[in-house]
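Per numbering that gives the first Met the number 0, residue 0 is the first one in the sequence shown, and the count goes up by one each step.
Beta carbons are placed, not taken as given, at the ideal position from N, Cα and C, and that holds for glycine.
See below for the structure under consideration.
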Amino acid sequence: MDIRFVKQEDLDKQLYNSCVHFATNGSVYGYDWYLNATAKEWDMLIEVENESWVSVMPIPYDKNWLGRKQLRQPDLLPELAIFTVKPLSSKRIQAFWDAIPEEFQGGTLTVEP
């Protein structure tokens with residue numbers, strides 16, 4: 000699996016929103032406009048296959064009092080997910096969790112079961 004970290008400012012909205020829209024587990028909570036309205040800051044992990052985005056996982060965060068990034072569940076967002084057009088296996092889920100950069104220390108996310 001080719002999982003890459005992408006900052007919000009480098010987001011290709013069409014590729015990102017298409018992946019959320021056509022995902023088997025797609026949800027309004029995954030679209031960039033909803034995340035922009037509910038989370039101050041967020042980046043994402045993407046899975047690329049043949050130069051197409053097949054999975055995305057938004058990573059909302061904030062900074063603690065020391066200025067370190069930490070995962071943070073937005074208040075109006077009950078759950079996030081790994082939005083994918085591929086089968087959602089435990090291997091894929093673990094690969095995404097392992098790909099979260101070390102700069103995001105602590106915090107919590109509620110992810111779709």
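Residue(s) in a DSSP beta bridge with residue i
| i | result |
| --- | --- |
| Ser26 | The partner list for Ser26 (beta bridge, DSSP) is empty, contrary to what the question assumes. |
| Thr83 | Ser54 |
| Tyr60 | Glu40 and Leu70 |
| Phe103 | Lys68 |
| Asp1 | Val47 |
Residue i classed as buried or exposed, judged by whether at least 16 other C-beta atoms fall within 10 angstroms
| i | result |
| --- | --- |
| Met56 | buried |
| Thr109 | exposed |
| Glu113 | Any question about residue 113 goes unanswered here, given that the chain covers just 0 to 112. |
Close-in-space but distant-in-sequence residues of the same chain around residue i (CB under 8 Å, 5 per side omitted)
| i | result |
| --- | --- |
| Phe103 | Ile58, Tyr60, Lys68, Gln69 and Leu70 |
Rounded C-alpha distance that separates residue i from residue j
| i | j | result |
| --- | --- | --- |
| Tyr33 | Val27 | 7 Å |
Whether residue i touches residue j by CB criterion (7 Å)
| i | j | result |
| --- | --- | --- |
| Phe4 | Leu44 | yes |
| Asn24 | Ala98 | no |
| Thr107 | Pro73 | no |
Own chain residues within Cβ distance below 7 Å of residue i, not counting five before or after
| i | result |
| --- | --- |
| Asp31 | Leu10, Lys12, Tyr15 and Asn16 |
| Lys62 | Lys68 |
Contacts around residue i, its chain only, beta-carbon distance under 6 Å, and the 5 residues preceding and following it disregarded
| i | result |
| --- | --- |
| Gly105 | Gln69 |
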